[in-house]
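> Below: one structure in structure tokens.
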Amino acid sequence: MSTKVAFLGLGHMGGPMAANLVASGLEVTGFDLAPEALEQATKDGLTIADSAVAAVADVDVVITMLPSGKHVLGLYDEILPVAKAGSLFIDSSTIDVEDAREAHKRAIEAGHRAVDAPVSGGVVGATAGTLAFMVGGSAEDFEAAKPLLDVMGRKVVHCGDSGVGQAAKICNNMILGVSMIAVSEAFVLGEKLGLSNQALFDVASNASGQCWALTTNCPVPGPVPTSPANRDYQPGFAVALMDKDLGLATNALRANGVDAELGLRAAELYGKFNEAGSGGQDFSAIIEDIRSRSGNKSSEGEK
Ligand code: NAD
């Protein structure tokens, strides 16, 4: 591949993603506002530009991995006018569906191509090159983006037109937030009823309560030794990120008149938990919040 790439936003996710592109033999020019991100990117073999505008001047593909839609739209306004005509813009940030559609529209109007390609898999997946990409955009632009996404990920799914990559991300994480709360409430109820955590796990993991929140990210220590509950809820997937994603889900639910009581309630519970100072914990720590509101002790289900 002789494709030249600009990578903008070299933080926890973008840094290792860009490093994997370099490791695959691609020429990658990077830019970030944070000096420490640039320092690491230099070590990873990126060419560092003085600005985002300078980074995109002579490339074929521009990848962004930024905190929010506001950042993506702001940066697009700077770089769309100076990028080479027909450049492919891939935004992998997690942002509102409406912002993703607006970013796509502005890129097309400026004479470029664009897809939204948010990811799942966290920093571990970004580092290992095993992310899952959910892509929104035309079939042609998806095919153009796919070889690069294949370098950074293990699973690349074309979900449909622009914005639906973000829609897939938001819907998936709404399922995850709601299911983690449901699993945690079941463990706390089991504890009240004298049912051990292990016994409930043995039953539910082989019955209709089976789900990822239970069998991979189990919120109690013991049954799944690799789950964050076994290391004092170090993430994993942090509460602050779940709070952000449920906020995006809330915006989409309200904008589209969906009567999603559980999605909205999950957003509220994670919002309060985040505000209470738990943003840095794994999202499965929500069980501690449910326990404390229920008068249970952490050790109660271990008998
Ligand atoms: P981060 O804060 O570590 O990185 C974002 C980077 O963007 C920062 O280094 C910041 O300096 C840079 N930035 C901001 N404005 C910029 C600009 N105008 N020009 C250049 N750089 C700029 O965040 P992250 O954890 O890497 O997450 C990035 C995106 O990926 C977010 O949208 C997040 O929701 C999503 N995401 C994160 C995870 C995760 O586990 N961290 C998982 C899936 C998706």
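Count the sequence shown with our numbering and you get residues 1430 to 1732, in order.
C-beta: ideal position from N, C-alpha, C; glycine also.
If you're wondering where the values come from, they're calculated on a predicted model, not measured in any experiment.
Taking only heavy atoms of ligand 1 into account, decide whether any of them is closer than 7 Å to the Cβ of S1656.
Within the sequence shown, residue 1656 is the residue found at index 227, counting from 1. Distance from the C-beta of S1656 to the nearest heavy atom of ligand 1 is not below 7 Å.
> For the region 1560-1593, list the alpha helix (DSSP H) runs that are entirely contained and at least 4 residues long, ordered along the chain.
1568-1581
> For V1617, I'd like the list of residues in its chain whose CB is within less than 6 Å of its CB, leaving aside the five on either flank, ordered along the chain.
Start at 1 with the first residue of the sequence shown, and residue 1617 comes out as number 188. Here the set comprises I1719, R1720, S1723, N1725.
> So what does DSSP say about S1549, is it helix, strand or coil?
Your numbering for residue 1549 matches position 120 in the sequence shown. Strand.
> From the DSSP secondary-structure annotation, give me the bridge partner or partners of T1493.
Translated into the one-based positions of the sequence shown, residue 1493 becomes position 64. In DSSP, T1493 forms a bridge with L1437, D1520.
> Given a threshold of 16 other Cβ atoms within 10 Å of its Cβ, counted over all protein chains shown, does K1701 qualify as buried or as exposed?
On the sequence shown, residue 1701 is found 272 positions in, with the first residue counted as 1. The residue in question, K1701, is exposed, as its Cβ has fewer than 16 Cβ neighbours within 10 Å.
> Assign S1506 to one of two classes, buried (16 or more other C-beta atoms within 10 Å of its C-beta) or exposed (fewer than that).
What you label residue 1506 is simply residue 77 of the sequence shown in a count that begins at 1. Checking the sequence shown, residue 1506 turns out to be Asp, not Ser. With fewer than 16 other Cβ atoms within 10 Å, it is exposed.
> Leaving out the 5 sequence neighbours to the left and right, which residues in its chain are closer than 8 Å to S1516 when beta-carbon positions are compared?
Counted from its first residue, the sequence shown places residue 1516 at position 87. Same-chain partners within the cutoff: V1485, V1488, D1489, V1490, V1491, H1541, R1542.
> Across which residues does DSSP place D1711 in a beta bridge pair?
Locating residue 1711 in the sequence shown gives position 282, where the first residue counts as 1. Bridge partners of D1711: A1667.
> How many angstroms separate the CA atom of L1578 from the CA atom of F1562?
As a position in the sequence shown, residue 1578 is number 149, starting the count at 1. As a position in the sequence shown, residue 1562 is number 133, starting the count at 1. The alpha-carbon of L1578 is positioned some 7 Å away from that of F1562.
> Quick one: what does DSSP say A1681 is sitting in, helix, strand or coil?
Indexing the sequence shown from 1 puts residue 1681 at position 252. If DSSP states are grouped into helix, strand and coil, A1681 belongs with the helices.
> Output yes or no for whether 8 Å exceeds the beta carbon distance between D1528 and G1498.
As a first step, residue 1528 is located in the sequence shown; it is residue number 99 there, counting from the start. As a first step, residue 1498 is located in the sequence shown; it is residue number 69 there, counting from the start. Contact flag set, yes.
> Take L1693 as the anchor and find which of M1581, K1673, E1729 has the nearest alpha-carbon.
On the sequence shown, residue 1693 is found 264 positions in, with the first residue counted as 1. Looking at the Cα atoms, K1673 is the closest of the given residues.
> Among N1602, G1589, G1594, which residue has its Cα nearest to the Cα of L1691?
One-based indexing of the sequence shown puts residue 1691 at position 262. That would be N1602, whose Cα lies nearest to the Cα of L1691.
> Pop quiz: G1558 and V1580 are said to be a contact at Cβ under 8 Å. What is the actual Cβ separation, rounded to whole angstroms?
On the sequence shown, residue 1558 is found 129 positions in, with the first residue counted as 1. On the sequence shown, residue 1580 is found 151 positions in, with the first residue counted as 1. Right, the Cβ-Cβ distance comes to about 7 Å (below 8 Å), so this counts as a contact.
> Could you tell me the distance, in whole angstroms, from the CA atom of V1451 to the CA atom of G1444?
Mapped onto the sequence shown, residue 1451 falls at position 22. Mapped onto the sequence shown, residue 1444 falls at position 15. V1451 and G1444: Cα-Cα distance of roughly 11 Å.
> Per DSSP, which residues does F1460 bridge with? Please list them.
Sequence index remark: in the sequence shown, residue 1460 carries index 31 (1-based). DSSP output for F1460 lists L1437 as bridge partner(s).
> Along the alpha helix (DSSP H) that carries P1445, what are the first and last residues, could you check?
Translated into positions along the sequence shown, residue 1445 becomes position 16. Its alpha helix (DSSP H) spans residues 1443-1452.
> Is the distance from the Cβ of G1565 to the Cβ of V1544 below 8 Å?
In the sequence shown, the residue the question calls residue 1565 occupies position 136. In the sequence shown, the residue the question calls residue 1544 occupies position 115. Yes, Cβ-Cβ distance for G1565 and V1544 is below 8 Å.
> Could you tell me the boundaries of the alpha helix (DSSP H) in which A1529 lies?
Numbered from 1 along the sequence shown, position 100 holds the residue referred to as residue 1529. Taken as a continuous stretch (DSSP letters only), the alpha helix (DSSP H) holding A1529 covers 1526-1538.
> Buried or exposed for N1685, going by 16 or more other Cβ atoms inside 10 Å?
Your numbering for residue 1685 matches position 256 in the sequence shown. That one is exposed.
> Between G1594, H1500, L1670, V1482, which has its C-alpha nearest R1530's C-alpha?
Within the sequence shown, residue 1530 is the residue found at index 101, counting from 1. The shortest Cα separation from R1530 among G1594, H1500, L1670, V1482 belongs to G1594.
> Terminal residues of the continuous alpha helix (DSSP H) containing D1506?
Along the sequence shown, read from residue 1 onward, the residue named residue 1506 stands at position 77. 1498-1508 is the span of the alpha helix (DSSP H), which, as asked, contains D1506.
> Thinking C-alpha only, which one of E1468, V1668, E1731, L1502 is nearest I1715?
By 1-based counting over the sequence shown, the position of residue 1715 is 286. Taking only the C-alpha atoms, the option nearest I1715 is V1668.
> Quickly, what does DSSP pair T1476 with across the bridge? List them, please.
Here residue 1476 is taken as the residue at index 47 of the sequence shown, counted from 1. Per DSSP, T1458.
> Given this structure, state the Cα-to-Cα distance separating T1458 from E1569, to the nearest angstrom.
In the sequence shown, the residue the question calls residue 1458 occupies position 29. In the sequence shown, the residue the question calls residue 1569 occupies position 140. In a straight line, the C-alpha of T1458 is about 25 Å away from that of E1569.
> Would DSSP call V1485 helix, strand or coil?
By one-based count along the sequence shown, residue 1485 stands at place 56. Per DSSP, reduced to three states, the secondary structure at V1485 is helical.
> From G1706 to A1478, what does the alpha carbon distance come to, in whole angstroms?
Residue mapping note: residue 1706 aligns to position 277 of the sequence shown, counting from 1. Residue mapping note: residue 1478 aligns to position 49 of the sequence shown, counting from 1. Taking the straight line from one Cα to the other gives about 37 Å.
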